[in-house]
Amino acid sequence: MDFQDFDGASNYTFDRDEVTSVWSAMPTSQAHHDVPADLQSMVDDLTLDSTSHVNGHGHLEEDEEELGYNIEHACSYCGIHNPQSVVKCLHCSKWFCNSRGNTSASHIVNHLVKAKHKEVILHKESALGETIPECYNCGSKNVFMLGFIPAKSDTVVVLLCRQPCAALTNAKDINWDTSQWSAIIDDRSFLSWLVKVPSEVEQLRARQISMAQIAMLEDLWRDNPQARLEDAEAQVGEEEMQPILMRYEDAYQYQNIFGPLVKIEADYDKKMKESQTENDITVRWDMGLNQKRLAWFSMPKLESGEVRLAVGDELRLKFVGATTGLAGMKGLQALRGGQETVWEAVGSVIKIPNSEHDPLPRSP
184 MDFQDFDGAS NYTFDRDEVT SVWSAMPTSQ AHHDVPADLQ SMVDDLTLDS TSHVNGHGHL
244 EEDEEELGYN IEHACSYCGI HNPQSVVKCL HCSKWFCNSR GNTSASHIVN HLVKAKHKEV
304 ILHKESALGE TIPECYNCGS KNVFMLGFIP AKSDTVVVLL CRQPCAALTN AKDINWDTSQ
364 WSAIIDDRSF LSWLVKVPSE VEQLRARQIS MAQIAMLEDL WRDNPQARLE DAEAQVGEEE
424 MQPILMRYED AYQYQNIFGP LVKIEADYDK KMKESQTEND ITVRWDMGLN QKRLAWFSMP
484 KLESGEVRLA VGDELRLKFV GATTGLAGMK GLQALRGGQE TVWEAVGSVI KIPNSEHDPL
544 PRSP
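Residue numbers (my numbering): 184 to 547.
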């Protein structure tokens, strides 16, 4: 195309810059010298604006990092990820910090109490390294039972459980003063020399979580261990249950109110029964005087108080496996006539152990 006859901005009589087509208030003789500088400043402004946008994305990335997103050892509650201030729960493999936040206890203690977990491990970059706190004498890893005692001869401390090791004062080879025993969890948080408390700056930058949100998150983890706080908050908007009334207009209203309540109670009972399962137990078979088979086994959850049983309660034993070389499998195959290795039976509890060395019998 030929633009020679185009009647554009350059044909007007205003004082203008013929090179850049930017109108100038200065004479034409000066426009060739000053306008390029103005253009350069405009380009610089555009460059600064672009940089600002890039920095804006950078702030978003920094905020996500401060909240612990995509960081494995970040606190599952608030997102604090300082290796000196976090510990890992050995039961669920989640990380928690030693900060209280908006709660009365530290996040790690809150989780251990609500989830009924008792064992933790420190971060590998912490002052003590990747260490599992355990009793020096018996090896118990229950942090709620552990305490420390300064050794008499060395400038070190020894971790001992409260019962029975800390009470052994008559041992001949003992070299610590048990009267100075102190728990490693004090005022509902770990001692700072074991797990540091995050600084105020870290706590202000962290995600602020309330006790109600922690309770919702812990409940959600029972069904979905990978759930996040956003998933728990999404359930807040669900429809609340209608309160019960003293009088009902008709059976339809009664059903609408009590129907959801009955379903919630049934779901809760089902979850409670499923949570009381015990895996990887060792069963010793015996024959009772009434010619019924007895199954003897130990349940760690019963010893720790997580499961409550009484004489007469029903239990279900179930075995699912494909290995046939084990000695226990030969007995099962004999009972099943050499068929598949999936077996289960229901029986009642006939004896409750009196101590941790007394196994739990069951009559199938």
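Note that the Cβ used here is the ideal one computed from N, Cα and C, for glycine as well.
When DSSP builds the beta bridges, which residues end up paired with residue i?
i           : result
residue 271 : 278, 304
residue 327 : DSSP, once it has assigned bridges, lists no residue as partnering residue 327.
residue 441 : DSSP output for residue 441 lists no bridge partner at all.
residue 467 : 479
residue 334 : 359
residue 589 : The first residue shown for the chain is 184 and the last is 547, placing residue 589 beyond what the model contains.
residue 500 : 528
residue 493 : Note: residue 493 sits in no beta bridge, so no partner.
residue 369 : 372
Within this structure, are the beta carbons of residue i and residue j separated by less than 8 Å?
i           : j           : result
residue 371 : residue 288 : yes
residue 385 : residue 263 : yes
residue 275 : residue 290 : no
residue 330 : residue 362 : no
residue 378 : residue 268 : yes
residue 393 : residue 285 : yes
residue 368 : residue 293 : no
residue 485 : residue 492 : yes
residue 494 : residue 464 : no
residue 478 : residue 442 : no
residue 390 : residue 261 : yes
residue 257 : residue 278 : yes
Assign residue i to buried or exposed, taking buried as 16 or more other Cβ atoms, counted over all protein chains shown, within 10 Å of its Cβ.
i           : result
residue 451 : exposed
residue 238 : Note that residue 238 scores a pLDDT of 46, beneath 50, so its modelled location is shaky; the value from the coordinates is reported in the next line. With fewer than 16 Cβ atoms within 10 Å of its Cβ, residue 238 is classed as exposed.
residue 404 : buried
residue 507 : Here residue 507 scores only 47 on pLDDT, less than 50, and its place in the model should not be relied on; the value that follows carries that caveat. So residue 507 counts as exposed.
residue 550 : What is shown of the chain runs 184 to 547, which leaves residue 550 out entirely.
residue 295 : buried
residue 498 : buried
residue 226 : With a pLDDT of 43 at residue 226, under the threshold of 50, the modelled position of this residue cannot be trusted; read the value that follows with caution. Residue 226 is exposed by the Cβ-count criterion.
residue 321 : exposed
residue 527 : exposed
residue 375 : exposed
residue 548 : Outside the displayed range of the chain (184 to 547) lies residue 548, so it cannot be described from this structure.
residue 475 : exposed
residue 381 : buried
residue 538 : For residue 538, the predicted structure reports a pLDDT of 46, less than 50, and the residue's modelled location is therefore unreliable. The matter cannot be settled from this model.
residue 316 : buried
residue 400 : buried
residue 332 : buried
residue 454 : exposed
residue 270 : buried
When you measure from the CB of residue i to every non-hydrogen atom of the ligand PLP, does any distance come out below 7 Å?
i           : result
residue 535 : In terms of ligand content, the structure shown is empty, and the ligand PLP therefore cannot be addressed.
Would you call the segment 400-411 and the segment 325-339 touching, i.e. three or more CB-CB distances under 8 Å? no
Three CB pairs or more closer than 8 Å across the segment 305-313 and the segment 329-348: no
Completely contained alpha helix (DSSP H) runs for the segment 393-426, where each covers 4 or more residues: 394-406, 412-417
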